[in-house]
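Just below is one structure, and these are the notes that go with it.
Protein chains: 2
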Amino acid sequence: VDALLADLAGITGGEHLLTDQDMTGGYTTDWTRRYRGPARCVVRPASTEEVAGVIEACARHKAPVVPQGGNTGLVGGGVPYRARQDNPPVVLSARRLTRLDPVDTLSGQVTAGAGVTIAELRAHASRAGFEYGVDLASHQAATVGGTIATNAGGVLKMRYGGTRAQVLGVEAVLADGSVISHLGGIEADNTGYDLGQLMVGSEGTLGVVTAARLRLWPAEPPLLTLLAGVGGIEEAVTLQAAIRAAVPGIRAVEYFEAPGLALVRRHAGLPAPLPEDYPGYLLAEVAGSEGNAEDYAERLSVTPPLQKASVAMDAAGRAALWAYRERHTEAISAEGIPHKLDVAMPLSQLAQFRAELDEVIAKTGGRAIVFGHIGAGNVHVNVLGPAPQDDAVDNAVLRLAAAHGGSISAEHGIGHAKAALLHLSRTPAEIAAMRTVKTALDPDGILNPGVLLAPQESK
Amino acid sequence: VDALLADLAGITGGEHLLTDQDMTGGYTTDWTRRYRGPARCVVRPASTEEVAGVIEACARHKAPVVPQGGNTGLVGGGVPYRARQDNPPVVLSARRLTRLDPVDTLSGQVTAGAGVTIAELRAHASRAGFEYGVDLASHQAATVGGTIATNAGGVLKMRYGGTRAQVLGVEAVLADGSVISHLGGIEADNTGYDLGQLMVGSEGTLGVVTAARLRLWPAEPPLLTLLAGVGGIEEAVTLQAAIRAAVPGIRAVEYFEAPGLALVRRHAGLPAPLPEDYPGYLLAEVAGSEGNAEDYAERLSVTPPLQKASVAMDAAGRAALWAYRERHTEAISAEGIPHKLDVAMPLSQLAQFRAELDEVIAKTGGRAIVFGHIGAGNVHVNVLGPAPQDDAVDNAVLRLAAAHGGSISAEHGIGHAKAALLHLSRTPAEIAAMRTVKTALDPDGILNPGVLLAPQESK
Numbered sequence: 002v003d004a005l006l007a008d009l010a011g012i013t014g015g016e017h018l019l020t021d022q023d024m025t026g027g028y029t030t031d032w033t034r035r036y037r038g039p040a041r042c043v044v045r046p047a048s049t050e051e052v053a054g055v056i057e058a059c060a061r062h063k064a065p066v067v068p069q070g071g072n073t074g075l076v077g078g079g080v081p082y083r084a085r086q087d088n089p090p091v092v093l094s095a096r097r098l099t100r101l102d103p104v105d106t107l108s109g110q111v112t113a114g115a116g117v118t119i120a121e122l123r124a125h126a127s128r129a130g131f132e133y134g135v136d137l138a139s140h141q142a143a144t145v146g147g148t149i150a151t152n153a154g155g156v157l158k159m160r161y162g163g164t165r166a167q168v169l170g171v172e173a174v175l176a177d178g179s180v181i182s183h184l185g186g187i188e189a190d191n192t193g194y195d196l197g198q199l200m201v202g203s204e205g206t207l208g209v210v211t212a213a214r215l216r217l218w219p220a221e222p223p224l225l226t227l228l229a230g231v232g233g234i235e236e237a238v239t240l241q242a243a244i245r246a247a248v249p250g251i252r253a254v255e256y257f258e259a260p261g262l263a264l265v266r267r268h269a270g271l272p273a274p275l276p277e278d279y280p281g282y283l284l285a286e287v288a289g290s291e292g293n294a295e296d297y298a299e300r301l302s303v304t305p306p307l308q309k310a311s312v313a314m315d316a317a318g319r320a321a322l323w324a325y326r327e328r329h330t331e332a333i334s335a336e337g338i339p340h341k342l343d344v345a346m347p348l349s350q351l352a353q354f355r356a357e358l359d360e361v362i363a364k365t366g367g368r369a370i371v372f373g374h375i376g377a378g379n380v381h382v383n384v385l386g387p388a389p390q391d392d393a394v395d396n397a398v399l400r401l402a403a404a405h406g407g408s409i410s411a412e413h414g415i416g417h418a419k420a421a422l423l424h425l426s427r428t429p430a431e432i433a434a435m436r437t438v439k440t441a442l443d444p445d446g447i448l449n450p451g452v453l454l455a456p457q458e459s460k
Numbered sequence: 002v003d004a005l006l007a008d009l010a011g012i013t014g015g016e017h018l019l020t021d022q023d024m025t026g027g028y029t030t031d032w033t034r035r036y037r038g039p040a041r042c043v044v045r046p047a048s049t050e051e052v053a054g055v056i057e058a059c060a061r062h063k064a065p066v067v068p069q070g071g072n073t074g075l076v077g078g079g080v081p082y083r084a085r086q087d088n089p090p091v092v093l094s095a096r097r098l099t100r101l102d103p104v105d106t107l108s109g110q111v112t113a114g115a116g117v118t119i120a121e122l123r124a125h126a127s128r129a130g131f132e133y134g135v136d137l138a139s140h141q142a143a144t145v146g147g148t149i150a151t152n153a154g155g156v157l158k159m160r161y162g163g164t165r166a167q168v169l170g171v172e173a174v175l176a177d178g179s180v181i182s183h184l185g186g187i188e189a190d191n192t193g194y195d196l197g198q199l200m201v202g203s204e205g206t207l208g209v210v211t212a213a214r215l216r217l218w219p220a221e222p223p224l225l226t227l228l229a230g231v232g233g234i235e236e237a238v239t240l241q242a243a244i245r246a247a248v249p250g251i252r253a254v255e256y257f258e259a260p261g262l263a264l265v266r267r268h269a270g271l272p273a274p275l276p277e278d279y280p281g282y283l284l285a286e287v288a289g290s291e292g293n294a295e296d297y298a299e300r301l302s303v304t305p306p307l308q309k310a311s312v313a314m315d316a317a318g319r320a321a322l323w324a325y326r327e328r329h330t331e332a333i334s335a336e337g338i339p340h341k342l343d344v345a346m347p348l349s350q351l352a353q354f355r356a357e358l359d360e361v362i363a364k365t366g367g368r369a370i371v372f373g374h375i376g377a378g379n380v381h382v383n384v385l386g387p388a389p390q391d392d393a394v395d396n397a398v399l400r401l402a403a404a405h406g407g408s409i410s411a412e413h414g415i416g417h418a419k420a421a422l423l424h425l426s427r428t429p430a431e432i433a434a435m436r437t438v439k440t441a442l443d444p445d446g447i448l449n450p451g452v453l454l455a456p457q458e459s460k
């Protein structure tokens, strides 16, 4: 008899403790299918108290815990991976933490449970006349807790600042089972260390987020969406700057390239977006009231590439243009198991990085599909070809980004995938300080071991 | 011979090591004159390396260190206070860390040393067509490092989010003398714990900030500034919401009351701002281009209290209106040593808090001058009358704020002043987690002991 399982069943009820591999498969394999590993069990607590009980029990049994939201992560941070076979982790699924309070319209805030999906949160905010400032392609599955743990970016990051900027406070369970809660939503609040901000982006290694107090924004319907062809990423950088200078209220600026477009069109059966073909494409969305439409269209049309752009001003037209960008992920996955490399760098470095990228990829025998949130200097390099467990291409691309002053993780996080490469973006002193914080808050290392901070070699 | 002083003189040169009380007085007494204490010395390093050397030497000698910026703090967080007489602290003045890099106009960012003043930073940004998103009355003296350590708010907080929202990364010296540096300015950067955000608001207890990478905003000149009379704080809350709904681009909304206005007029020799007297006043500033002026004036004049408002559209007129608000602090200090209580709460609670405040103050024999950043729910309660060392009124006002769901520190921080009352705003589990982080990063407790976290009683 497994004493831990008995304890966990006592907390959540046996029906929310899964041990059969037929039932746990969806929790132990990640979305890319690149990361997977055995789990001791999957436990699905329904309240903060149950999460605290689960963590307390795991701490008592020294059982590692992998917190999981919608399991849409791309770096193996939410699934068991390379776990020691003698002590496989407990997967703690937070999807049943579905608390969703009414929108506080005076403050423009809402409290949401970790298991609420981004799509649910956005719809909830919308009904009250507000918008949640994060959106991403996986919004039907990605959760509040998971996006906080990974500090998810998404297409609205340049407008609203990404997940970190939305978080006014969190409720979380620490490694000892204690609950820290700061959901009061006071905008001006300087009362000691911001533990909530420390949790943002910590990838489940410091605590399990159970709820958050989130900022909302007055609803800002898109006015016009446009798709323009460009000669490549350098022209895209210039064009996005021109668009930002020409009109206010830019919600998003996205970039993709001809090979990705070809995959998307084939996979989704879509027509060509423009009469001519181009090496690269820029998708931009601008907010404003209908009174601005004519003025904005005129201001934008001064820029030559936009004169040939496809422009949408209604929901159906917008969705049709966005599909070319948003369906990249599924189209790529339909081709095989991609290496998904998520880097960012100063805008001034993007063109040179892109120029050197093809050679680096070619050496690995792969082919690259490049797209991303160009307004934030963030490109997703998807590589098809190399075997899932072959890290050579990951190493090469991340080192190239670092050589251009870039970050090896723009918005996906470090996970298992990049833990051993963290030194490319952070100094030894920074990593040492991170380990100090981790060890202090989780001395037995039960929270998501191996994620973000690589296991230290003992000699 | 004091071996520590010899070590410090070797690092900064003897001319930047002050021990004579005639020289150290300006560093050992705070701006309010309420907090003061003996210092072993004042040391003024001029580079990050010198700061690291100073901290390493202090760590070796187990000497407590009080980091100090412009010494404009109001809670005793930047001066020695109630220090043990047998081991008075070293005051580390960061004012000589005056690095100020050129503005990166492509990214809208700048790197600034901890000793750069907010006024210098704002002027530097302005020359490049940008604005730094924080401004406060003490901007001539308050520094980048000090405002990061305290997460300063100020009048632009409702527009740009306060200091935390400007910080892309920091360089800081930790308690062991190691330097963590993250000044790359990558907007999309999810590579582990955000140590910079952990430093923001930590009041010098986790590290000494030496420089920061800061976000800037496209310059947004004020279009119109207005001062309106209101019946009190409840009407001010309603009016600020109406202004925010009527026009975009609200930069600031400030509130003050008749007793404070009377003090300011007497102290500064100013005329009455409006033909009639009112119990309260609302100052609002709106950005926009000149083309918006007529439209905005029309939209705002629909609200009755604004029909009688005084409106300024040029720099001199704006300065004249702002003087009524900004000169509160000096006018109050000219009357005596005030208790400066800085609280915030949900906007829905402000009126009830204000209604109960006078009775609470009256019981202490004091008189209250109330003003603040009402758009952020932040009011400054200044109390004249009670002796500086008498904490009764502080206790009473902070407890009243907490009873209304408020924060006992909106933007000033906790310092020495409120360390013993931190439990009013944070739970035991939160305070325990803060202590865990503090102890891990500063095991000997040399960084700003007694600030933020009260000394634990040993039994």
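For the protein sequence lines, the chains are A and B, in the order given.
Sequence positions in the first sequence follow the working numbering and run 2 to 460.
Sequence positions in the second sequence follow the working numbering and run 2 to 460.
Every residue, glycine too, gets a C-beta built ideally from N, C-alpha and C.
Only a predicted model underlies this, so the values are computations on that prediction, with no experimental measurement involved.
Residue(s) in a DSSP beta bridge with residue i
i                : result
Pro223 (chain B) : B:Ala288
Arg37 (chain B)  : B:Thr30
Asn383 (chain B) : B:Lys341, B:Ile370
Ala229 (chain A) : A:Leu283
Cys42 (chain B)  : B:Val91
Ile181 (chain A) : A:Ala173
Ile463 (chain A) : There is simply no residue 463 (chain A) to check, as chain A begins at 2 and stops at 460 in what is shown.
Ser311 (chain B) : B:Leu228
Burial state of residue i, where buried means 16 or more other Cβ atoms lie within 10 Å
i                : result
Ser139 (chain A) : buried
Met24 (chain B)  : exposed
Leu107 (chain A) : exposed
Ala4 (chain A)   : exposed
His183 (chain B) : buried
Arg128 (chain A) : exposed
His340 (chain A) : buried
Pro444 (chain A) : exposed
Pro456 (chain B) : exposed
Glu331 (chain B) : exposed
Arg83 (chain A)  : exposed
Residue j beta carbon less than 8 Å from that of residue i
i                : j                : result
Ala345 (chain A) : Ala189 (chain B) : yes
Arg245 (chain B) : Gly202 (chain B) : no
Gly208 (chain B) : Val168 (chain B) : no
Helix, strand or coil at residue i according to DSSP, with G and I counted as helix
i                : result
Val461 (chain B) : Examination of residue 461 (chain B) is not possible in this model, given that chain B is present from 2 through 460 alone.
Glu172 (chain A) : strand
Gly66 (chain B)  : One point to set straight first is that residue 66 (chain B) is Val, not Gly, in the sequence displayed. If DSSP states are grouped into helix, strand and coil, Val66 (chain B) belongs with the strands.
Ala320 (chain B) : helix
Ser408 (chain B) : strand
Ala466 (chain B) : Outside the modelled stretch of chain B, which goes from 2 to 460, sits residue 466 (chain B), for which no answer is possible.
Ala143 (chain A) : coil
Tyr194 (chain A) : coil
Lys460 (chain A) : At Lys460 (chain A) the pLDDT is 45, less than 50, meaning the model places this residue with poor confidence and gives no usable figure here.
Ala441 (chain A) : helix
Leu453 (chain B) : coil
Gln353 (chain B) : helix
Gln390 (chain B) : coil
* What residues in the region 355-383 of chain A have a beta carbon less than 8 Å from any beta carbon of chain B? -> His374, Ala377, Gly378, Asn379
* To do: Mind checking the region 186-204 of chain A against chain B and listing, in chain order, the residues whose C-beta falls within less than 9 Å of any C-beta there?
  => Gly186, Ile187, Glu188, Ala189, Asp190, Asn191, Thr192, Gly193, Tyr194, Asp195, Leu196, Gln198, Leu199, Val201, Gly202, Ser203, Glu204
* Residues of the region 34-68 of chain B with a CB closer than 8 Å to any CB of chain A: list them in chain order, please. => none
* Against chain B: residues of the region 411-427 of chain A by CB proximity under 9 Å -> Ala411, Glu412, His413, Gly414, Ile415, Lys419, Leu423, Leu425, Ser426, Arg427
* Taking only beta carbons into account, state which residues of the region 202-222 of chain B come closer than 7 Å to chain A, listed in chain order. => Gly202, Ser203
* For the region 151-175 of chain A, which residues have a CB atom closer than 9 Å to at least one CB atom of chain B, in sequence order? -> Thr151, Asn152, Ala153, Gly154, Lys158, Met159, Gly162, Gly163, Arg165, Ala166, Leu175
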